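Protein chains in written order, with this note's numbering: chain W, 1 to 339; chain B, 1 to 339.
Don't be surprised by glycine CBs; every beta carbon is placed ideally from N, CA and C.
Nothing here was measured: the structure is a model prediction, and the numbers come from that model.
Below, the structure is given as structure tokens:
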């Protein structure tokens, strides 16, 4: 149901019946390693290209989420997914393997919550019993596409972010047990004129703040409504800018815990990741792996995940364009049995 | 509402309140020229890159559709759009200009009906009063990205298709006057092993047939339910393959008129377009321009538009992958006043 101008309230309480997270070896050395379902020891995943490795990540996550939910892929009505690769080849090829009716979506790193928002809306409205939301990224395929192949070993400025190698999938269901998706706010595209693809946190921070403001306005709530609000992935540089913007806009974020997925998955002291993490998979694996695990343990009751995306392409950057950004917010509550 | 396994019935009858179509000069010399709202005389649209020209097409179409619907852009809750460009830059940059909450979607040339299906589902479920669906393509930006820059003047085989320069947008509304969107069927990804990006019609035909079969199965109807079924864009080569597959699968398409958007927009005798037309804009401008005009004149009562997409990327092609394809179907009926 529409609430305010750009938010949905899910009055039928779609359930996250199961999730799956798959990551690469570098993520397996970070502080959240224990929260992921599969940690690969080899970032090629035994494939002969980075692109095929990326596709394998999402294929594994999708299959595992469906199995953990006690379903077969034939029972899942819709797969809503996307990734960073041009023409969403990772997700499209995975959709071929899965053979589930497919809705390709793209919001760069906000794809995690764009797909979860849509899957929840589809289930909430009775347009599906079971819908799968998923996304993936691979450090080497993303660097190759957007900046320089990792094989070059090029240096990066301190504002740069490290694309997560991983995939996260969530099976949303009209009934069952699990955390409940309660609302979503769809973001506008915001562009503050940043043109440096090595400083995406700064570009994305205003989009995160815009969506969070819209969420509070539409739902008539304040930050204290949530135990935790996470953006993802602004990383350190963007997090500081967002925090400053919250103060300027008089948004009382001190009512709650505010963190960023891009600051949680790697160990800044042991792992050289500059400003922090990014990539479609970052907010997906942090949310579906780490945060929902904390919710199941009873540590969190109500969270707001605000995934942020930088909508640049190699061509738009080469043509001197600035970086339009977007953020989509989804609220999740610890749930019991829904029916 | 879910109907069958992969279809939605829109029981609240979302209305296509207004549409807009914008095309380039080559489309303006074709047989449907009179049906388009804006025909540009210069394929650069006065911009300094093909990419910016493409973005201008969708910006114009979106603004015109909103104006024709008697709304301001501030009243439109969601813009659901995508295009062929990597990272959907045409749509993302247009969403920045429009400042409407944005859901990026990608289904290659099926994006026209993916976006209309989602916009209709969102409005039908009460998740929006007004949602805009739109897509665009530009011949020169697409050729440059997927094959060779048009400036090279390279030759093409007879199976090749000519990407339409244009954009189409539809404003879907919970009330008002106009054609009504009655159902949608979301397609699976089908891949028959075709690897030639100059023969996309052959690759896409099986996906079109799969979705059409699913549509009839889910809704319990036969082809005769519709006055017209159009695929888009299989063009001549794909149309013949699809027709053969309908016969093999015993689908009685002779009950209705069956055509293809890729065979309608150009004049085969006067315009050198090989197998016919393609591109995100093709099915969008043929549907929103030509077919809905025929519906308003009373010539068509009930149509099924089955937009087909080839989900390849330049990288997947260079790595020797085959072309996964998809098709999404949307049914539209001549409507009176809905409320």
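Can you list, in chain order, the residues of its chain with a C-beta nearer than 6 Å to that of residue 261/B? Leave out the 5 residues immediately preceding and following it. 230, 232, 233, 282, 283, 286
Quick check: the Cα distance between residue 163/W and residue 277/W, rounded to an integer number of angstroms? 6 Å
Chain W contact residues for residue 5/B, given Cβ-Cβ distances below 7 Å: 77
Residue span of the alpha helix (DSSP H) that contains residue 215/B, given as start and end: 200-219
7 Å Cβ cutoff met for residue 17/B and residue 178/B: yes
Can you tell me where the alpha helix (DSSP H) with residue 161/W in it begins and where it stops? It is not in any alpha helix (DSSP H) - residue 161/W instead sits in the beta strand (DSSP E) that spans 161-163.
For the candidate residues 243/W, 216/W, 222/W, whose alpha-carbon lies nearest to that of residue 202/W? 243/W
Where do the N-terminal and C-terminal ends of the beta strand (DSSP E) with residue 259/B fall, by residue? 257-260
Looking at the structure shown, is residue 254/W part of a helix, part of a strand, or coil, going by DSSP? helix
Pair within 7 Å by beta-carbon distance, residue 49/W and residue 84/W: no
Beta carbon proximity, residue 176/W to chain B, threshold 7 Å: no
Taking Cβ-Cβ distances below 7 Å as the criterion, which residues of the stretch 183-211 of chain B are in contact with chain W? 186, 187, 188, 189, 191
Residue 173/B and residue 330/B closer than 7 Å at C-beta: no
Could you compute how far the alpha carbon of residue 111/B sits from the alpha carbon of residue 218/B? 22 Å
What does a CB cutoff of less than 8 Å around residue 29/B pick up in its chain, not counting 5 residues either side in sequence? 267, 270, 271
Got a sec? Which residues, its chain only, sit under 6 Å from residue 241/B by beta carbon, not counting five neighbours each side? 202, 205
Proximity to residue 159/B [Cα-Cα], best of 224/B, 102/B, 195/B: 195/B
Considering Cα atoms alone, identify which of 97/B, 39/B, 213/B is closest to residue 327/B. 213/B
Within 8 Å of chain B by C-beta, residues of the stretch 303-314 of chain W in sequence order: 311, 312, 313, 314
Report the neighbours of residue 137/B on chain W: residues whose CB is nearer than 7 Å to its CB, in chain order. Simply none; closest approach about 13 Å.
I'd like to confirm the pairing. Which residues does DSSP put opposite residue 170/W in its beta bridges? 19/W, 133/W
Would you identify the three-state DSSP class for residue 302/W, choosing helix, strand or coil? strand
Neighbour-count burial assignment, residue 77/W, 16 or more Cβ in a 10 Å radius: buried
How about residue 99/W: is its C-beta nearer than 7 Å to some C-beta of chain B? yes
According to the Cβ coordinates, are residue 93/W and residue 55/W closer than 7 Å? yes
Within 10 angstroms of its Cβ, does residue 255/B collect 16 or more other Cβ (buried), or is it exposed? exposed
Closer than 7 Å, CB to CB, is residue 50/W near chain B or not? no
List the whole-angstrom C-beta distance separating residue 323/W from residue 200/W, where the pair is believed to meet the contact cut-off of C-beta under 8 Å. 7 Å
What does a CB cutoff of less than 7 Å around residue 88/W pick up in its chain, not counting 5 residues either side in sequence? 82, 104, 106
Cβ-based neighbour list, residue 118/B, same chain, cut-off 6 Å, excluding 5 preceding and 5 following: 80
Residue 335/B (DSSP reduced to helix, strand or coil): coil
Do you know how far the Cα of residue 124/B is from the Cα of residue 10/B? 6 Å
Residue 327/W: contacting residues in chain B (beta-carbon distance under 7 Å): The contacting residues do not exist; residue 327/W stays about 11 Å from chain B at best.
Chain W contact for residue 230/B (CB, 7 Å cutoff): no
Cβ-based burial, residue 358/W [other Cβ within 10 Å; buried from 16]: Residue 358/W is absent from the model: chain W starts at 1 and stops at 339.
Starting from residue 153/B and walking both ways along the beta strand (DSSP E), at which residues does that stretch end? Careful: residue 153/B lies outside any beta strand (DSSP E) and carries neither H nor E.
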